[in-house]
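Numbering (this note's numbering), first residue to last: -5 to 308. C-beta atoms are modelled at their ideal positions from N, C-alpha and C, and glycine is treated no differently. Note that this is a predicted model, so its numbers are computed, not measured. Contents: one structure, followed by commentary.
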């Protein structure tokens, strides 16, 4: 079977605590208010680095965990992002050029906070067409460049970063792989970019509508998905949208909160980078081993409105 052989991540050096963000954005809020409602204590904001820079550094971190000759056997690069701002060249092409990979081809997908689960699903299916070689999957977002910092409904939640994984292909796909991708009509533009400001697009979000979408559609869909697994999973790696949502998810699913790990306190919501950064945190901590014995469910949800679920053995 194909398998995930490495993970990695990159976070910008610039760390902003809640107090620092409040001072920078001049918003009416407090550390206590932000932590209580979101679980976020700090986030990273990239400065001169582009989304392609973040993705490239995450790729370098991934490749640092495998032998040097692996790089030349990468066949495909898929990057999920909603914040690159440039339709071409793709981030995947820029990562290829930055790393000096000669033969790989690649493309980007824009799936917002579901993007990484979508990219993994495409990568898993594409990996079955290769009997050798590797597929590199990255989620990267620079949310700070599409935030109106004065809008405390969104500015306090998001951060910048990138993460990903590397699949070694053998033509058979990932062990036990299952997935479900769902898109629903967003009649209210609950998550969108406001284009009314010249030369700048700001993310806008209707928090209550998004919360209701997760509770009424995403969690029931996830519940049915994991019910069909008959309890055969170790961790649910959820998009880090809000720590309160993770509590609701745990309660609704009737599973231990420890099975739904979180890192939102330090990195905030990094959109498509959220799940792979969390996965790499767990791999680095030794909680998850890439030994083929552990089973994970990944759940991403957000703009679209959409959600994606992946299950496989690591």
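In the DSSP assignment, find the beta strand (DSSP E) that holds residue 11 and state where it starts and stops. If you number the chain shown from 1, residue 11 lands on position 17. In the DSSP annotation of this structure, the continuous segment of the beta strand (DSSP E) that includes residue 11 starts and ends at 9 to 11.
In terms of alpha-carbon separation, which member of 134, 160 and 214 lies closest to residue 39? For the purposes of this step, residue 39 is taken as residue 45 along the chain shown, with counting starting at 1. Here the closest residue by C-alpha is 134.
Is it true that the region 233 to 249 meets the region 121 to 133, where meeting means three or more beta-carbon pairs spaced less than 8 Å apart? At 8 Å Cβ cutoff, the stretches do not touch.
Measuring only the C-alpha atoms, how far is residue 180 from residue 300? On the chain shown, residue 180 is found 186 positions in, with the first residue counted as 1. On the chain shown, residue 300 is found 306 positions in, with the first residue counted as 1. About 9 Å.
Can you check which of these residues, 33, 87 and 197, is closest to residue 186 by C-alpha distance? If you number the chain shown from 1, residue 186 lands on position 192. Checking every option, the nearest Cα to that of residue 186 belongs to 197.
If you count every other CB in all the chains shown that lies within 10 Å of the CB of residue 255, and 16 or more means buried, which is it? Looking up residue 255 in the chain shown gives position 261. Residue 255 comes out buried.
If you reduce the DSSP assignment to three classes, tell me which class residue 266 lands in. For the purposes of this step, residue 266 is identified with residue 272 of the chain shown, where counting begins at 1. Helix at residue 266.
Relative to the C-alpha of residue 273, which residue among 245, 244, 228 and 249 is closest? For the purposes of this step, residue 273 is taken as the residue at position 279 of the chain shown. Checked all of 245, 244, 228 and 249; the closest Cα to residue 273 is 228.
Just list the beta strand (DSSP E) runs in the region 54 to 140, keeping only unbroken ones of 3 residues or longer that don't cross its boundaries, in chain order. 68 to 74, 99 to 103 and 128 to 136
Helix, strand or coil, according to DSSP, for residue 39 in the structure here? Residue numbering aside, residue 39 sits at position 45 when the chain shown is read from its first letter. Residue 39 falls in the coil class under three-state DSSP.
Where does residue 258 fall in DSSP's three states? Start at 1 with the first residue of the chain shown, and residue 258 comes out as number 264. Residue 258 falls in the helix class under three-state DSSP.
Using a 10 Å radius around the Cβ and a threshold of 16 neighbouring Cβ atoms, would you call residue 378 buried or exposed? Coverage of the chain is limited to positions -5 through 308, which leaves residue 378 absent and any answer about it impossible.
By the three-class DSSP mapping on this structure, what secondary structure does residue 215 have? Translated into the one-based positions of the chain shown, residue 215 becomes position 221. Helix.
Measure how close the beta-carbons of residue 100 and residue 71 come, nearest whole angstrom, since I'm counting them as under 8 Å. Taking the chain shown and counting its residues from 1, one reaches residue 100 at position 106. Taking the chain shown and counting its residues from 1, one reaches residue 71 at position 77. With a Cβ gap of about 3 Å, residue 100 and residue 71 count as contacting.
Give me the residue from 75, 34, 163 and 119 with the minimum Cα distance to residue 68. For the purposes of this step, residue 68 is taken as the residue at position 74 of the chain shown. Nearest option by C-alpha distance: 163.
Do you know whose CA, among -4, 1, -5 and -3, lies nearest residue 278's CA? Here residue 278 corresponds to residue number 284 of the chain shown, with the count starting at 1. Looking at the Cα atoms, 1 is the closest of the given residues.
Expressed to the nearest angstrom, what Euclidean distance is found between the alpha-carbon atoms of residue 3 and residue 271? The sequence position of residue 3 within the chain shown is 9, counting from 1. The sequence position of residue 271 within the chain shown is 277, counting from 1. Cα-Cα distance, rounded: 6 Å.
Mind checking which residues open and close the alpha helix (DSSP H) that includes residue 243? Against the chain shown, residue 243 aligns to sequence position 249. Counting along the chain, the alpha helix (DSSP H) containing residue 243 begins and ends at 237 to 247.
For residue 202, count the other beta carbons within 10 Å of its own beta carbon; 16 or more makes it buried, fewer makes it exposed. Which is it? Counted from its first residue, the chain shown places residue 202 at position 208. Result: exposed.
Please determine, among 109, 14 and 85, the residue with the shortest C-alpha to C-alpha distance to residue 47. Counted from its first residue, the chain shown places residue 47 at position 53. Nearest of 109, 14 and 85 to residue 47, Cα basis: 85.
Mind checking whether residue 115 and residue 175 have CB atoms under 8 Å apart? Numbered from 1 along the chain shown, position 121 holds the residue referred to as residue 115. Numbered from 1 along the chain shown, position 181 holds the residue referred to as residue 175. Closer than 8 Å, so yes.
List in chain order: all unbroken beta strand (DSSP E) runs of 3+ residues lying wholly within the region 141 to 167. 154 to 162
Report all residues from its chain with a CB closer than 7 Å to the CB of residue 223; omit the five preceding and five following residues, and keep chain order. Start at 1 with the first residue of the chain shown, and residue 223 comes out as number 229. So the list reads 305, once near-sequence residues are dropped.
Can you give me the Cβ contacts of residue 112 inside the same chain, cut-off strictly under 7 Å, excluding the 5 residues immediately before and after it? Residue mapping note: residue 112 aligns to position 118 of the chain shown, counting from 1. Excluding residues within five positions, the ones whose Cβ falls inside 7 Å are 74, 103, 105, 175 and 302.
Pull up the CB-CB distance for residue 108 and residue 298, whole angstroms please, since I reckon it's below 8 Å. Position 114 of the chain shown holds residue 108. Position 304 of the chain shown holds residue 298. That pair is a contact at about 7 Å.
According to DSSP, residue 2 sits in a beta bridge with which residue or residues? Start at 1 with the first residue of the chain shown, and residue 2 comes out as number 8. DSSP links residue 2 through a beta bridge to 158.
Whole angstroms is fine: what's the gap from residue 120's alpha carbon to residue 230's? Here residue 120 is taken as the residue at index 126 of the chain shown, counted from 1. Here residue 230 is taken as the residue at index 236 of the chain shown, counted from 1. For residue 120 and residue 230, the distance between alpha carbons rounds to 24 Å.
Compare the Cα-Cα distances from residue 139 to each of 247, 199, 167 and 78 and report the closest residue. Stepping through the chain shown from its first residue, residue 139 is reached at position 145. It is 78.
Assign residue 307 to one of two classes, buried (16 or more other C-beta atoms within 10 Å of its C-beta) or exposed (fewer than that). Along the chain shown, one-based indexing puts residue 307 at 313. That one is buried.
State yes or no: is the C-beta of residue 36 within less than 8 Å of the C-beta of residue 12? What you label residue 36 is simply residue 42 of the chain shown in a count that begins at 1. What you label residue 12 is simply residue 18 of the chain shown in a count that begins at 1. Taking 8 Å as the cut-off, the Cβ atoms of residue 36 and residue 12 count as close.
Own chain residues within Cβ distance below 7 Å of residue 9, not counting five before or after: Reading the chain shown from its first residue, position 15 is the one you call residue 9. Cβ within range, chain order: 36 and 38.
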